[in-house]
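Comments concern the structure below.
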Amino acid sequence: MIRKIFFGLLLMWPVALWGQSADTSPFQPLARLPGDNLNPDFSESEALGINPLDTKWWFAWDAGTRAHRTVYVKFLDVADEDWSQAVALTPDSCLNQNADIESFGDSVLIAWESNCTGHFEIMYRIFDGQTWGESRFLTRDSVDNRHPVLYTWLPYGKAYPEALLIWERKQGLRWSRFDGHDWSLPAPILTKNDSDRAANMGSKSILPFMAWEGWQQNNWDIYASWFLPDSNRWWEPIRLTTDAAEDRNPQVAAADVLFVSAVQAFSGSAFIVWQTFRDQNWEIYRGMYSVSDGLPLLYVKNISDHDSADVHPAARLSFDIDIFFVVTTWESNRSGELRLYSDDFRFVPDTALSRNPRYSRFLQFQYWLGWERWQQNHWEIWGRRINTILDAVEPYQPHSLPETFSLQQNYPNPFNAATLIQFELAKPAHVQLAVFNLKGQLVEMLLQGKTSAGKHRMLWEARDRKGRALPGGVYFIRLKIGQHSKIRKGLLLK
């Protein structure tokens with residue numbers, strides 16, 4: 054077991070299928086439209102950090118035939134059980150597929166590949182909270198542009214979110230930056246490789262972090278870089294895997310990279326999962342890259358470890374109270390047919406073929422896992438909702454409640470980039486949970502409104518009301534109910 058400080062909390066790798074206290078709902082169909090339903094994608098980025106008013110998961114996929122495919126979207130509010138009706142975003146006269154959807158402040162941004170012009174181009178649309186804007190081309194040239202990967206984030210010191218889009222063109226990767234109004238001109242990500250593809254970006258980082266597979270010296274290896282917003286460029290690519298094995302399909306489970314001005318150097322870590330071909334067999338591996346050390350991947354471990362073809366991993370950061378860990382799901386033929394396996398929880402026994410798993414972002418201690426499932430002679434998309442903290446909000450229990458209300462000391466404290474705040478209410482009440490700086494100025498309003506009785510937990514990511522990362526120092530966490538309040542002092546270390 055490996056323990057590492059990450060986001061200010063304790064991180065560990067899960068050690069067994071049943072090793073974590075994750076509550077999982079029965080799996081359910083998410084997409085059952087005519088034809089094959091393929092390429093599931095959930096919103097992953099937390100563009101404005103933890104926001105109590107941000108309550109929706111977005112989900113995109115494509116459905117149809119080999120010649121005609123349409124991109125669809127739907128959403129689910131965290132308080133609801135049923136997803137919204139599917140909305141078609143593209144025509145069915147050509148191939149529209151491989152969509153990536155992300156939250157973008159108060160809006161939603163989606164990009165996909167389309168061959169309506171005779172070859173593949175990247176297109177996008179924006180949902181402004183009320184309606185979807187028209188479809189627009191991001192690329193328009195004579196070669197294929199494919200496999201878009203979206204990333205949204207709030208640059209430090211900025212009031213509005215931005216987006217990055219990575220895609221494959223010929224033998225390399227291209228990128229463009231979106232400021233909410235216009236995209237920058239597409240530019241190549243410069244490497245020394247003969248081929249680069251399969252880019253993937255983490256769910257959040259102060260500096261956006263990306264990993265991909267690159268072909269050099271007759272071998273596939275994993276490479277990484279991070280984006281420098283002020284200079285509008287990518288850091289020189291770093292080779293993460295260096296042995297003779299074939300390393301493919303990287304997934305950035307989590308990353309937190311920043312520039313420390315005091316020492317004029319980059320700092321942070323990234324946790325990566327990928328597939329490796331060793332001893333005539335594909336296996337799933339994971340490792341950690343330390344930006345400060347600048348070394349190849351550390352703590353590398355084979356997590357599938359089976360004489361079978363284990364491929365196409367999906368990974369993300371999860372947590373249970375104060376323990377952060379990386380969960381991974383992948384597809385394997387170890388049973389003789391294609392099935393999903395995970396190092397986080399056991400799947401309900403299923404006789405259907407399953408493949409291509411995808412995770413959503415965290416939302417109020419919950420996330421989704423979706424995958425393609427063979428059902429009645431065609432591919433459908435199924436999924437399940439996962440609750441990482443079983444008692445995040447406990448029901449009313451008079452014998453265990455405080456006399457009025459209580460606010461516990463945030464944990465951990467001191468903290469680096471995130472801390473858990475816990476409070477209890479004896480009865481339903483109108484609550485204000487806020488953070489102030491040493492000057493008494495309001496920094497962030499974490500919660501404001503009617504709240505049920507019981508225990509409650511909230512994760513504060515040391516950002517202000519506009520989503521900007523805060524400087525190190527002392528902050529006061531105040532829980533106020535009517536004319537009464539309780540205050541705890543937290544120390545943010547930078």
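For reference, each letter of the sequence shown is one residue, going 54 to 547 in my numbering. Using N, Cα and C, we set each Cβ at its ideal position, and we do this for glycine too. If you're wondering where the values come from, they're calculated on a predicted model, not measured in any experiment.
query                                                                                                              : result
Outcome for residue 358 when other beta-carbon atoms lying within 10 angstroms are tallied against a minimum of 16 : exposed
Residue 161 versus residue 365 - alpha carbon distance                                                             : 27 angstroms
Contained beta strand (DSSP E) runs [length at least 3] in the stretch 168–242, N- to C-terminal order             : 174–180, 198–206, 215–222, 225–231
Residue 28 - partner residues in DSSP beta bridges                                                                 : With the chain represented from 54 up to 547, any question about residue 28 goes unanswered, as that position is not in the structure.
Alpha-carbon spacing of residue 182 relative to residue 218, whole angstroms                                       : 21 angstroms
Spatially closest choice to residue 184 from 142, 298, 83, 225, by CA coordinates                                  : 142
Candidates 286, 246, 291, of which the one nearest residue 237 by Cα                                               : 286
Those residues which DSSP pairs with residue 535 across a bridge                                                   : DSSP output for residue 535 lists no bridge partner at all.
Through-space distance from residue 174 to residue 193, alpha-carbon basis                                         : 6 angstroms
Residue 310 vs residue 279 beta-carbon contact at 8 angstroms                                                      : yes
Top-ranked residue by Cα proximity to residue 242, from 229, 234, 233                                              : 229
Outcome for residue 322 when other beta-carbon atoms lying within 10 angstroms are tallied against a minimum of 16 : buried
Beta bridge counterpart(s) of residue 360 as assigned by DSSP                                                      : Partner(s): none; residue 360 has no beta bridge.
Counted within 10 angstroms of its Cβ, other Cβ atoms place residue 540 as buried (16 or more) or exposed          : exposed
Buried versus exposed call for residue 341 [16 or more other C-beta atoms within 10 Å across all chains shown]     : buried
Span of the beta strand (DSSP E) around residue 386                                                                : Counting along the chain, residue 386 falls outside any beta strand (DSSP E), and DSSP gives it neither H nor E.
Cβ shell of residue 320 (< 7 angstroms), same chain only, five flanking positions each side left out               : 311, 313, 344, 345
Residues near residue 88 in its chain [Cβ-Cβ closer than 6 angstroms; skip 5 each side]                            : 116, 117, 118
Cβ neighbour criterion (16 or more within 10 Å) applied to residue 316                                             : exposed
Residue 460 in three-state terms, based on DSSP                                                                    : strand
Own chain residues within Cβ distance below 6 angstroms of residue 503, not counting five before or after          : 483
Reference residue 91; option with closest CA among 80, 156, 79, 112                                                : 112
Assumed close pair residue 542, residue 527 - CB separation to whole angstroms, cut-off 8 angstroms                : 6 angstroms
Residue 399 (DSSP reduced to helix, strand or coil)                                                                : Bear in mind that a pLDDT of 44 at residue 399, under 50, signals an unreliable position, so the number given afterwards is only what the model happens to contain. Residue 399: coil per DSSP, three-state reduction.
Residue 432: first and last residue of the uninterrupted beta strand (DSSP E) it sits in                           : 431–440
C-alpha distance - residue 406 paired with residue 487, whole-angstrom precision                                   : 48 angstroms
Start-to-end residues for the beta strand (DSSP E) that takes in residue 151                                       : 149–157
Reduced DSSP secondary structure (H/G/I, E/B, other) of residue 329                                                : strand
Alpha-carbon spacing of residue 83 relative to residue 436, whole angstroms                                        : 6 angstroms
Closer than 7 angstroms: residue 80 CB and nearest the ligand MG heavy atom                                        : No copy of the ligand MG occurs in the structure displayed, which carries no ligand at all.
Residue range of the beta strand (DSSP E) that includes residue 502                                                : 495–504
Buried or exposed by the 16-neighbour rule on C-beta atoms within 10 Å, applied to residue 146                     : exposed
Where residue 271 sits in the DSSP three-state scheme                                                              : coil
Local Cβ density within 10 Å of residue 295, reported as buried at 16 or more and exposed below that               : exposed
Beta-ladder partner(s) of residue 259, from DSSP                                                                   : Looking at the DSSP assignment, residue 259 forms no beta bridge with any residue, so it has no partner.
Closest by C-alpha distance to residue 258, when choosing among 385, 216, 130, 298                                 : 216
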